[in-house]
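Asker: Mapping to numbering that gives the first Met the number 0: the sequence shown position 82 is 81, numbers consecutive.
All C-beta atoms in this analysis are idealised placements derived from N, C-alpha and C, irrespective of residue type, glycine included.
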Amino acid sequence: MDANVSEITRRKWDKAAANFDLMAGNGPEKRWAPFKQEFFSAMDGKVLFLAVGTGLDIPFFPENRDIVGIDISPKMLEKARPRAEAYRGNFEMRVCDVHDLDYPDGHFDKVFTSCTFCSVPDPVRGLESLRRVLRPSGELHMFEHTGSRYFPFSLMMNLMTPLAKKFGPEMNRPTVDNVKRAGFEVDVVRHVYLDVVKTIHAHSPAAG
Ligand SMILES: C[S@@+](CC[C@H](N)C(=O)[O-])C[C@H]1O[C@@H](n2cnc3c(N)ncnc32)[C@H](O)[C@@H]1O
Numbered sequence: 000m001d002a003n004v005s006e007i008t009r010r011k012w013d014k015a016a017a018n019f020d021l022m023a024g025n026g027p028e029k030r031w032a033p034f035k036q037e038f039f040s041a042m043d044g045k046v047l048f049l050a051v052g053t054g055l056d057i058p059f060f061p062e063n064r065d066i067v068g069i070d071i072s073p074k075m076l077e078k079a080r081p082r083a084e085a086y087r088g089n090f091e092m093r094v095c096d097v098h099d100l101d102y103p104d105g106h107f108d109k110v111f112t113s114c115t116f117c118s119v120p121d122p123v124r125g126l127e128s129l130r131r132v133l134r135p136s137g138e139l140h141m142f143e144h145t146g147s148r149y150f151p152f153s154l155m156m157n158l159m160t161p162l163a164k165k166f167g168p169e170m171n172r173p174t175v176d177n178v179k180r181a182g183f184e185v186d187v188v189r190h191v192y193l194d195v196v197k198t199i200h201a202h203s204p205a206a207g
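#1: Return the bridge partner residues of residue 201 from the DSSP annotation.
#2: Decide yes or no for the touch test of the region 96 to 107 against the region 30 to 42: beta carbon pairs closer than 8 Å, at least 3 of them.
#3: Report yes if the C-beta of residue 57 is less than 7 Å from at least one heavy atom of ligand 1; otherwise report no.
#4: According to DSSP, is residue 177 helix, strand or coil?
#5: What residue from 193, 143 and 142 has the CA that sits closest to residue 151's CA?
#6: Run through DSSP, which three-state label would residue 115 get?
#7: Would the beta-carbon of residue 7 be found less than 7 Å away from any heavy atom of ligand 1?
#8: Around the C-beta of residue 158, are 16 or more other C-beta atoms found within 10 angstroms, so that it is buried, or is it exposed?
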């Protein structure tokens, strides 16, 4: 990724870190808790988790897993540290830009993302990068909010995005299409709230 874009992204999220938990109601959104618990229960093998943020998702991780959590923002990871230290299992945190992952090809068995691809500057490139570090047939599991196909939500999100993206996420991304464009095969898309909050389950194609 262009070093300038990475720097702008890092600065934006470093700035958001101070008030992120407050904005999120000082804890993970309670209404998503049962979905998140179920979603993360599929973690096993060597897992890459993008993006840690302040670590609000960590209490939902199943115990005794082997997880690497990355985020572009050192300040977000600083906030996440107490939650990471409380995790009962192997959880390593690293500052890393998803566009420029330095892991070898096929290093991970599974990748999990949570409310991330609303924020990554070049989502298709970011997803291609995740596909590279996943083993053939490795799984991608995403908990994301995306744009909506339905009026008036589609209009509201298009109107909100120019302002929202100055401070944080873009509200109107076509994330399921982006996953396909990045070369994944989509298995299941489950709607958690309208067609906005959803889980996307996909896999990397088998080795040819
Ligand atoms: C909306 S927050 C979500 C944080 C956390 N997953 C949660 O749900 O509480 C988006 C996160 O994506 C991270 N992020 C944005 N662009 C990134 C990139 N290119 N590489 C790695 N992390 C990135 C930000 O630093 C931020 O922590």
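Answerer: This is what the structure holds:
#1: For the purposes of this step, residue 201 is taken as the residue at position 202 of the sequence shown. Bridge partners of residue 201 according to DSSP: 139 and 185.
#2: No contact exists between the region 96 to 107 and the region 30 to 42.
#3: Mapped onto the sequence shown, residue 57 falls at position 58. Taking 7 Å as the cut-off, the C-beta of residue 57 does not count as close to any heavy atom of ligand 1.
#4: As a first step, residue 177 is located in the sequence shown; it is residue number 178 there, counting from the start. It is helical.
#5: Position 152 of the sequence shown, counting from 1, holds the residue named residue 151. Per the Cα distances, 193.
#6: For this step, residue 115 is matched to residue 116 along the sequence shown. Per DSSP, reduced to three states, the secondary structure at residue 115 is coil, with no helix or strand assignment.
#7: The residue given as residue 7 occupies position 8 in the sequence shown. Incorrect: residue 7 has no Cβ contact closer than 7 Å to ligand 1.
#8: By one-based count along the sequence shown, residue 158 stands at place 159. Taking all protein chains shown into account, residue 158 has fewer than 16 neighbouring C-beta atoms within 10 Å of its C-beta and is therefore exposed.
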